[in-house]
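Residue numbers (our numbering): -8 to 85.
Notes follow once the structure below has been shown.
Here it is in structure tokens:
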């Protein structure tokens, strides 16, 4: 189940998934909006790591980071065809 809420203490989460914590602190939040930073579990050196990442998608062809503000919603019907989402959908889904 996907969620955009951060409600668990990292120590409790670490008991379920033993990860390397790269974040000093984050407060519980019930909504994560585009451009905000959020803790995300990623694979790093073959181990899970909790890192602070910015929510959004900046296409590889974009010259400015602000392009990512326009890419917050993707339609399932056209996801694989639209240049903004096509490459990320095929190879880097999160």
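We put the CB at the ideal spot given by N, CA and C, even for glycine.
Residue burial classification, residue i (beta-carbon count within 10 angstroms, cutoff 16)
i	result
residue 74	exposed
residue 60	exposed
C-beta contact flag for residue i and residue j at 9 Å
i	j	result
residue 44	residue 31	yes
residue 29	residue 17	yes
residue 38	residue 11	yes
residue 26	residue 46	yes
Three-state secondary structure assigned by DSSP to residue i
i	result
residue 2	helix
residue 70	coil
residue 38	strand
residue 79	helix
C-alpha distance - residue i paired with residue j, whole-angstrom precision
i	j	result
residue 5	residue 13	12 Å
residue 8	residue 15	18 Å
residue 41	residue 19	15 Å
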